[in-house]
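These notes concern the structure reproduced below.
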Amino acid sequence: MLDPLLIAELVALGLVTGFLAGLLGIGGGMMLVPFITFILSHRGVSADLAVKMAIATSMATIVFTSISSVRAHHRRGAVRWDLVARLAPGIVLGSALAGAGVFRVVQGRWLALFFAAFVAFSATQMLLARQPKPTRGLPGPAGQWGAGGAIGFLSGLVGAGGGFISVPFMTWCNVPMHQAVATSAALGFPIALANGIGYIWSGWGVAGRPPGSLGFVFLPALAVIASASVLMAPVGVRVAHALPVATLKRAFALLLYALAASMAYKAWSG
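Here my numbering is used: the first residue of the sequence shown is -15, the next is one more, and so on.
Printed below as a string of structure tokens:
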């Protein structure tokens, strides 16, 4: 299923998502899911299954991208490991619930619509760039467990690394932007790992999957995209620490609106 042109397209997609992972602390699922859905749909995979496999494959790539990105952020001392330790348990539980349970039974069309709404909401949050109250801080341990659970669950449903929830959440609590981006990159690993295991388990034995599938994960696309994204994530980190990201975030928000509209159209027309 991977001809030379498709490999070149997947490499380009991996380079872009790797760069964005380092730059903004996102896993790249916002870009990967629509494109992988398109690729699988045009190669004979049913629309419902294509959406699920795109989400699962996107999440699996984040396992590798997050490692590359967080190493570069850690060398700059930007990762708040104390927040990672408090948010990660809830993230793992929420991710496992979404990836191994809810994900299997929800129809692909509704997943696509939810994805579109989630992307549009994230884009709006990026464009508004509202400043939090100076006195606002992070919630206590129970609140951070709950926030982690919500981040993991929503990420598992849409195939994202959680950056579009965790970064706004942390900046809303007055965590500095560069720390929020770096910490989000670190949180991407437990999100992706827990969901990836869930996607493999819940997709085991499902009919209609293309050759090279492991559960809902399409391994050929995973290998190509992950290899390219790992190379570019450190480049995105360097840019993030050298330049203000406000203009880039606005431009990316417009791209997210276009992707949300595309996924919503495919959901209704498919």
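Heads up, the beta-carbon is just placed ideally off N, CA and C, and yes, glycines get one too.
Keep in mind it's a predicted model, so treat the numbers as computed, not measured.
For residue 5 and residue 220, believed in contact at Cβ under 8 Å, the rounded distance: 6 Å
Counting along the chain, where does the alpha helix (DSSP H) carrying residue 219 start and finish? 203 to 226
Tell me the rounded alpha-carbon separation between residue 211 and residue 124. Rounded to whole angstroms, the gap between the alpha carbons of residue 211 and residue 124 is 38 Å.
By how many angstroms is the C-alpha of residue 181 removed from the C-alpha of residue 75? 14 Å
Can you have a look at residue 33 and say buried or exposed, based on whether 16 or more other CB atoms are within 10 angstroms of its CB? buried
Just mark residue 231 as buried or exposed, buried being the case when its beta carbon has 16 or more other beta carbons within 10 Å. exposed
CB-CB under 8 Å to residue 68, same chain, minus the five flanking residues each way: which ones, in chain order? Counting only Cβ-Cβ distances below 8 Å, and skipping sequence neighbours, we find 167, 170 and 171.
Just the C-alpha distance for residue 201 and residue 209, rounded to the nearest angstrom, thanks. Roughly 13 Å between the two C-alpha positions.
Give the straight-line distance between the Cα atoms of residue 217 and residue 248, rounded to the nearest whole angstrom. 29 Å
In terms of alpha-carbon separation, which member of -7, 135, 104 and 109 lies closest to residue 80? 135
Which residue marks the beginning of the alpha helix (DSSP H) containing residue 66, and which one marks its end? Run containing residue 66: 65 to 81, per the alpha helix (DSSP H) assignment.
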